[in-house]
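Visitor: The sequence shown lines up with residues 1 to 414 when you count with UniProt numbering. Cβ coordinates follow ideal geometry from the N, Cα and C atoms, glycine included. Here the structure is a predicted model, which is why all the values come from computation and not from measurement.
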Amino acid sequence: MDFHDLVELERKPFKERVKLRYGTYLKEVEKGFMFSRQGMGPVDAQMQYKDLHSDDFRNVLVFGSNSYLGLANHPYVKSQVVEAVEKYGIGTGGSPAFSGYTKQHRDLELRLAALAGHEDAVLLPSGYMANLCWVNGLMNRNDIIIYDQNSHASVINAVKMTNVPFFTFDPERLDEFEAMLPKIRARSKPNAQIFSTVEGVRSTDGSIIDLKRYIEICRAHDIIIILDDAHGLGTMGRTGKGTLEHLDLLGQVDLRMSTCSKSLGAQGAFISGSREHIFMLRNFSYPYLFTSGLAQPTIAAISAALDVMEREPERIARLHDNVRYMQDLLEAKGFNILRGESGIIPVFFSKLSVVGNINRRLFERGVFANIMEYPMVPPDKERLRISVMSTHTREEIEQVVELITEVAREFDAL
């Protein structure tokens with residue numbers, strides 16, 4: 001289904017849309033273009049997966065997990081979760097505004113705020129909810145948001161739901177971003193506040209924009225800055241504090257969102273900022289007020305993962321070594337990749353139409369990876385997205401690069 005088909009589909013009545021979408025899905029499954037995979041054990045560098053369409057079980061090398069530091073199955077983290085279950089039970093029984101807030105929640109919030117170079121923080125069940133939280137809790141309809149055109153779907157949906165005026169920009173073209181600001185200010189309502197958000201590490205390709213200049217531009221125009229550093233925590237900076245530590249800019253944005261479900265291998269997310277901004281979120285943001293507080297075992301998992309990250313900085317160094325090694329091998333094979341310093345390596349192929357086929361064949365050959373397709377990325381930028389972990393061995397990396405090479409040649413895409 002191409003772009004034109006999607007546009008036409010959205011014009012059809014609901015029941016017809018559902019029938020057509022499901023029919024297209026079944027056809028793609030039949031042709032082998034679509035497949036679903038179900039993990040059968042703990043998240044690690046090697047796992048068993050089930051193909052839900054063929055019912056086949058496969059032992060695979062996992063190069064599609066966001067558990068960059070390998071903490072999702074760490075013995076110490078698991079032991080702390082078990083201890084928390086025995087001590088505190090499971091659920092919190094309510095939202096943070098009622099019974100769902102404990103000393104353990106508060107201790108973790110303050111720890112995460114200090115990590116981010118801020119005064120305070122709030123915990124949310126996911127990165128998606130966190131982005132809904134700050135848009136809903138800080139902005140009103142007089143305000144304006146200017147967001148990165150590559151922003152996560154949660155930011156885009158939050159803007160739509162809050163119904164605030166918005167503009168998008170290309171973070172690779174900061175001259176254009178700077179030039180548009182006086183025009184936006186001139187068109188804004190009196191007392192309107194402008195907000196702007198970008199990703200620290202871009203989730204689609206692992207790249208980092210010129211954040212220093214972006215921050216300078218925003219400061220010069222009195223813009224509130226929110227950094228989405230979901231993929232930066234644990235992968236960037238000497239101690240894993242994220243993209244801002246990596247660039248020596250820690251604490252220089254107004255608010256920061258990071259997830260606890262990627263490098264920390266757990267669940268949830270947090271937003272950090274000044275006491276005043278966090279007060280606004282805690283008291284006026286519906287996604288925070290009307291969501292159950294994180295379960296105690298999850299709080300224990302996040303805290304324990306932070307312990308490991310702080311005690312074992314070599315995990316971060318090993319992740320970077322693995323990324324560079326895999327980048328070198330892929331380039332030596334002739335692949336077009338985008339080099340970055342995070343755990344994400346995008347691999348582009350000479351034939352875009354076969355990206356889905358390549359991913360399926362890789363799974364059949366024993367490699368779990370992910371693809372970025374339209375509408376997640378532009379139609380001419382579809383790619384295989386490799387996620388590297390610190391626990392991958394060099395032998396595993398070499399094996400996966402060889403398999404990607406063989407499969408790409410099979411589809412005449414190298």
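Is Y101 helix, strand or coil when you go by DSSP?
Guide: coil
Visitor: Is DSSP giving E245 helix, strand or coil here?
Guide: helix
Visitor: Whole angstroms are fine: how far does the CA of A369 sit from the CA of N359?
Guide: 7 angstroms
Visitor: Quick check on T298: buried or exposed, where buried means 16 or more other Cβ atoms within 10 Å of its Cβ?
Guide: That one is buried.
Visitor: Shortest alpha-carbon distance to R394 belongs to which of L329, G343, V354 and D148?
Guide: Taking only the C-alpha atoms, the option nearest R394 is L329.
Visitor: Determine contact between the stretch 287-301 and the stretch 141-149, defined as no fewer than three beta-carbon pairs at a distance below 8 angstroms.
Guide: no
Visitor: Spatial neighbours of I223 within its chain, please: C-beta separation below 6 angstroms, excluding the five flanking residues on both sides.
Guide: I194 and S196.
Visitor: Assign D56 to one of two classes, buried (16 or more other C-beta atoms within 10 Å of its C-beta) or exposed (fewer than that).
Guide: exposed
Visitor: Does the Cβ of H277 have 16 or more other Cβ atoms within 10 Å, making it buried, or fewer, making it exposed?
Guide: buried
Visitor: Please report the distance separating the alpha-carbon of A116 from that of T24.
Guide: 45 angstroms
Visitor: Give the straight-line distance between the Cα atoms of C133 and V355, rounded to the nearest whole angstrom.
Guide: 35 angstroms
Visitor: If you measure between the beta carbons of G268 and V77, is that distance less than 8 angstroms?
Guide: Going by C-beta atoms, G268 is not nearer than 8 angstroms to V77.
Visitor: Which residue marks the beginning of the beta strand (DSSP E) containing residue 417, and which one marks its end?
Guide: Residue 417 lies beyond the residue range present for the chain, which begins at 1 and ends at 414; the question has no answer from this structure.
Visitor: Between I337 and V323, which are expected to be in contact by the criterion C-beta below 8 angstroms, what is the C-beta distance as a whole number of angstroms?
Guide: Going by Cβ atoms, the distance from I337 to V323 rounds to 11 angstroms, so no, they are not a contact pair.
Visitor: Need the endpoints of the alpha helix (DSSP H) that Y88 sits in, please.
Guide: P75 to Y88
Visitor: Between which two residues does the beta strand (DSSP E) harbouring I386 extend?
Guide: Counted as a single uninterrupted DSSP element, the beta strand (DSSP E) harbouring I386 occupies residues R383 to S387.
Visitor: Within the same chain, show all residues whose beta-carbon is closer than 6 angstroms to that of R213, passing over the 5 residues directly before and after it, in chain order.
Guide: L174
Visitor: Does the stretch 91-100 come close enough to the stretch 394-409 to have 3 or more Cβ pairs within less than 8 angstroms?
Guide: no
Visitor: I'd like the span of the beta strand (DSSP E) that includes V122, first residue to last.
Guide: Per DSSP, V122 belongs to the beta strand (DSSP E) from D120 to L124.
Visitor: Using the Cβ count rule (16 or more neighbours within 10 Å means buried), how would you classify E245?
Guide: buried
Visitor: Of the residues E410, H392 and R37, which one's Cα is nearest the Cα of F63?
Guide: H392
Visitor: Just to confirm before moving on: does the CB-CB distance between F270 and E109 stay below 8 angstroms?
Guide: Between F270 and E109, the gap from beta carbon to beta carbon is short of 8 angstroms.
Visitor: Report yes if the C-beta distance between Q80 and A230 is below 8 angstroms; otherwise report no.
Guide: no
Visitor: For residue 416, does the three-state DSSP call read helix, strand or coil?
Guide: Examination of residue 416 is not possible in this model, given that the chain is present from 1 through 414 alone.
Visitor: Could you check which residue in L319, I397, V388 and L384 has the C-alpha nearest to that of A413?
Guide: Closest by alpha carbon: L384.
Visitor: Nearest by alpha-carbon distance to Y49: which of Q399, E364, V308 and S272 is it?
Guide: E364
Visitor: Going by DSSP, name the residue or residues bridged to S272.
Guide: A121 and R256
Visitor: Taking the alpha carbon of S203 as the point to measure from, which residue in L181, D228 and L250 has its own alpha carbon closest?
Guide: D228
Visitor: Are the beta-carbon atoms belonging to M309 and G240 less than 8 angstroms from one another?
Guide: yes
Visitor: Which residue comes first and which comes last in the beta strand (DSSP E) that contains Q48?
Guide: Q46 to D51
Visitor: Taking the DSSP output, what are the residues bridged to Y147?
Guide: Looking at the DSSP output, Y147 shares a beta bridge with T168 and T197.
Visitor: To which residues does DSSP link Q38 through a beta bridge?
Guide: Q38 is bridged to K50.
Visitor: Starting from P346 and walking both ways along the beta strand (DSSP E), at which residues does that stretch end?
Guide: I344 to F348
Visitor: If we count the other Cβ atoms within 10 Å of its Cβ and call it buried at 16 or more, is K19 buried or exposed?
Guide: exposed
Visitor: Name the residue from G94, E10 and R37 whose alpha carbon lies nearest to the alpha carbon of Y288.
Guide: Nearest of G94, E10 and R37 to Y288, Cα basis: G94.
Visitor: Which same chain residues, not among the five before or five after E331, have their C-beta less than 7 angstroms away from its C-beta?
Guide: I337
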